[in-house]
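A.B. asks:
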Amino acid sequence: MEKPINRDADLLDDGESSNDQHPFGGMWTRIKLEALEKYLAAFNTALSKQSFTRIYIDAFAGTGRCDIKVDGANEAIDGSARIALAVTPSFHKFCFIELQSRKLAALNALCREYPSKSIEVIPRDANSALKDLCSQYQWKSERAVLFLDPFGMQVEWSTLEAIAKTGAIDVWYLFPYSALYRQAPKNADALDADKVASLTRVLGTDEWRQVFYVQNPQPDLFGDSNGDVRDTDHHQMLEFVSKRLKNLFPAVTGPKVLYQGGDAKNLSGPPLFALYFAATNPRPKAHGLATKIAKGILDTL
Ligand SMILES: C[S@@+](CC[C@H](N)C(=O)[O-])C[C@H]1O[C@@H](n2cnc3c(N)ncnc32)[C@H](O)[C@@H]1O
């Protein structure tokens, strides 16, 4: 039996609060940010003796602050942008991409707290901004960490392809597990054009239709075909995602499935997100080290 998915759980963002308030998230927010923080420090330390320009790219940057709810209690914690700015050794350059004007105002205020750092705030859609960033550099003297932290199915497969081509970006991708599951209803009759387009955009192929669905073994009252039904559960759907990512990137670690409740060791509630690490560097020595660090972090969360 599949676990039921809470429809409200993964988009806990009111979008209306003031200043840098950004109410969304729960325990899973803390876990993903802990992984990111540890990796950023390890990445900068590992490359500190080399001459690369180190860039941090936050494609869904938010405000730099997260107002989360854990065990019914509200808590304000540093968001990814603020965490990245505070990391030592520091990155040489920061790119914060965000669409919402209120969050952009908060990000710009955050940047003013760090006048000596080179920070670019990019007020655009993450997909087109990332594709431009990927083609803007030669990726010979630059190395980057990219955090993909969407609320839902925003990251297009074509964006992941552009990132993979750089061979120089390490990626943390909070994959929208429950959003994926919701887009693929049990009965294929409920698969409308929007759902089909969104699944294909995120997975980069329409093969999911054959993999997830089979002909309904129950004929209708007249003995005719009763359409298609999904015969994969959400674990199998996630395996499909992992397989796709492993075909695209030289090395992939995870996923660490993040649940709505509990903590990293005692999980409860429905699975919401799946945290992946992917390295784009084709050299085994480089992606081997990156993966070893990321795996060590995921294992200890
Ligand atoms: C989960 S929040 C990011 C939280 C942030 N990483 C942090 O730790 O504070 C997702 C953010 O993506 C922004 N967003 C949504 N769609 C976007 C898009 N297409 N391009 C860029 N930003 C987008 C939202 O406004 C929201 O601030």
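In terms of our numbering, the sequence shown is numbered consecutively and its last residue is 409. Quick reminder that beta carbons are idealized off the backbone N, C-alpha and C, glycines included.
Please tell me whether, using a cut-off of 8 Å, the distance from the CB of residue 346 to the nearest non-hydrogen atom of ligand 1 is below it.
C.D. replies: Indexing the sequence shown from 1 puts residue 346 at position 238. No, since every heavy atom of ligand 1 falls outside the 8 Å radius drawn around the Cβ of residue 346.
A.B. asks: Between the C-alpha atoms of residue 384 and residue 398, what's the straight-line distance to the nearest angstrom?
C.D. replies: Counting from one through the sequence shown, the residue named residue 384 turns up at place 276. Counting from one through the sequence shown, the residue named residue 398 turns up at place 290. Each residue's alpha carbon lies about 13 Å from the other.
A.B. asks: Leaving out five residues before and five after residue 353 in sequence, what residues of the same chain have Cβ atoms less than 7 Å from its Cβ?
C.D. replies: One-based indexing of the sequence shown puts residue 353 at position 245. Excluding positions up to five away in sequence, the list reads 360, 384, 386.
A.B. asks: Report yes if the C-beta distance between residue 262 and residue 235 is below 9 Å; otherwise report no.
C.D. replies: In the sequence shown, counting from the first residue as 1, residue 262 sits at position 154. In the sequence shown, counting from the first residue as 1, residue 235 sits at position 127. A contact, by the Cβ cut-off of 9 Å.
A.B. asks: Okay, do the region 194 to 206 and the region 285 to 297 touch, 3+ Cβ pairs below 8 Å being the bar?
C.D. replies: no
A.B. asks: Does the beta carbon of residue 234 fall short of 8 Å from some heavy atom of ligand 1?
C.D. replies: Counting from 1 along the sequence shown, the entry for residue 234 is found at position 126. Under cutoff, so the answer is yes.
A.B. asks: Quick check on residue 394: does DSSP put it in helix, strand or coil?
C.D. replies: For this step, residue 394 is matched to residue 286 along the sequence shown. Three-state DSSP puts residue 394 in a helix.
A.B. asks: For residue 222, does the three-state DSSP call read helix, strand or coil?
C.D. replies: Locating residue 222 in the sequence shown gives position 114, counting from the first residue. Reduced to three states, the DSSP call for residue 222 is coil.
A.B. asks: Based on the DSSP secondary-structure assignment, which residues constitute the bridge partners of residue 202?
C.D. replies: Residue mapping note: residue 202 aligns to position 94 of the sequence shown, counting from 1. Answer by DSSP bridge pairing, in chain order: 164, 227.
A.B. asks: For the putative contact between residue 427 and residue 311, defined by C-beta atoms under 8 Å, what is the C-beta separation to the nearest angstrom?
C.D. replies: A query on residue 427 cannot be resolved here, the shown segment of the chain reaching from 109 to 409 and no further.
A.B. asks: With which residues is residue 176 paired in a DSSP beta bridge?
C.D. replies: In the sequence shown, counting from the first residue as 1, residue 176 sits at position 68. In the DSSP output, where bridge partners are listed per residue, residue 176 has 183.
A.B. asks: Can you tell me where the beta strand (DSSP E) with residue 193 in it begins and where it stops?
C.D. replies: Counting from one through the sequence shown, the residue named residue 193 turns up at place 85. Taken as a continuous stretch (DSSP letters only), residue 193 belongs to no beta strand (DSSP E), being part of the alpha helix (DSSP H) at 188 to 194.
A.B. asks: Have a look at 253, 258, 285 and flag the residue whose alpha-carbon is nearest the alpha-carbon of residue 274.
C.D. replies: Position 166 of the sequence shown holds residue 274. Considering only alpha carbons, the answer is 253.
A.B. asks: Considering only the beta carbon of each residue, do residue 149 and residue 195 sit closer than 9 Å?
C.D. replies: Walking along the sequence shown from the start, residue 149 turns up at place 41. Walking along the sequence shown from the start, residue 195 turns up at place 87. Yes. Within cutoff.
A.B. asks: Shortest alpha-carbon distance to residue 313 belongs to which of 146, 233, 349, 390?
C.D. replies: Locating residue 313 in the sequence shown gives position 205, where the first residue counts as 1. The closest CA to that of residue 313, considering only 146, 233, 349, 390, is found on 349.
A.B. asks: Which same chain residues, not among the five before or five after residue 161, have their C-beta less than 8 Å away from its C-beta?
C.D. replies: One-based indexing of the sequence shown puts residue 161 at position 53. Scanning its chain for C-beta atoms nearer than 8 Å, with the 5 sequence neighbours on each side dropped, one finds around residue 161 the residues 200, 201, 249, 250, 251, in chain order.
A.B. asks: Shortest alpha-carbon distance to residue 334 belongs to which of 342, 193, 321?
C.D. replies: Indexing the sequence shown from 1 puts residue 334 at position 226. Measuring from the Cα of residue 334, the nearest candidate turns out to be 321.
A.B. asks: If you draw a straight line from the alpha carbon of residue 308 to that of residue 316, how long is it in whole angstroms?
C.D. replies: Position 200 of the sequence shown, counted from the start, is the residue given in the question as residue 308. Position 208 of the sequence shown, counted from the start, is the residue given in the question as residue 316. Spanning the two alpha carbons is a distance of roughly 8 Å.
A.B. asks: Under three-state DSSP, which class holds residue 247?
C.D. replies: For the purposes of this step, residue 247 is taken as the residue at position 139 of the sequence shown. Correct three-state label for residue 247: coil.
A.B. asks: Determine the direct distance from the alpha carbon of residue 403 to that of residue 382, and round the result to whole angstroms.
C.D. replies: Here residue 382 refers to the residue found at position 274 of the sequence shown. Here residue 403 refers to the residue found at position 295 of the sequence shown. Going from the Cα of residue 382 to the Cα of residue 403 covers about 14 Å.
A.B. asks: Taking 8 Å as the cut-off, is the C-beta of residue 174 nearer than that to any heavy atom in ligand 1?
C.D. replies: The residue you call residue 174 lines up with position 66 of the sequence shown. Checking every heavy atom of ligand 1 against the Cβ of residue 174, one is found closer than 8 Å.
A.B. asks: Would you decide whether residue 389 is buried or exposed? Buried here means 16 or more other CB atoms lie within 10 Å of its CB.
C.D. replies: Your numbering for residue 389 matches position 281 in the sequence shown. Residue 389 should be labelled buried.
A.B. asks: Roughly how many angstroms separate the alpha carbons of residue 269 and residue 319, rounded to a whole number?
C.D. replies: Position 161 of the sequence shown, counting from 1, holds the residue named residue 269. Position 211 of the sequence shown, counting from 1, holds the residue named residue 319. Each residue's Cα considered, the two are about 22 Å apart.
A.B. asks: Nearest CA to the CA of residue 193: which residue from 216, 182, 210, 183?
C.D. replies: Residue numbering aside, residue 193 sits at position 85 when the sequence shown is read from its first letter. Of 216, 182, 210, 183, the residue nearest in Cα terms is 216.
A.B. asks: Would you report the Cα separation of residue 342 and residue 212, rounded to the nearest angstrom?
C.D. replies: As a first step, residue 342 must be located in the sequence shown, where it is residue number 234. As a first step, residue 212 must be located in the sequence shown, where it is residue number 104. Going by the C-alpha atoms only, they are around 35 Å apart.
A.B. asks: Quick test of your reading: residue 227 and residue 237, contact by CB under 8 Å. State the CB separation rounded to the nearest angstrom.
C.D. replies: In the sequence shown, counting from the first residue as 1, residue 227 sits at position 119. In the sequence shown, counting from the first residue as 1, residue 237 sits at position 129. Distance from residue 227 to residue 237 at the Cβ level is roughly 15 Å; contact not present, criterion being Cβ atoms closer than 8 Å.
A.B. asks: When the Cα atoms are used, what is the spatial distance from residue 142 to residue 186?
C.D. replies: Position 34 of the sequence shown, counted from the start, is the residue given in the question as residue 142. Position 78 of the sequence shown, counted from the start, is the residue given in the question as residue 186. Between residue 142 and residue 186, the C-alpha separation is close to 10 Å.
A.B. asks: Out of curiosity, what's the CA-to-CA distance linking residue 260 and residue 222?
C.D. replies: On the sequence shown, position 152 is the one that residue 260 refers to. On the sequence shown, position 114 is the one that residue 222 refers to. Between residue 260 and residue 222, the C-alpha separation is close to 30 Å.
A.B. asks: With a CB to CB cut of under 6 Å and the five nearest residues on each side skipped, what residues in its chain are close to residue 146?
C.D. replies: Here residue 146 refers to the residue found at position 38 of the sequence shown. If we look at residue 146 and ignore the five residues flanking it on each side, its Cβ neighbours are 405.
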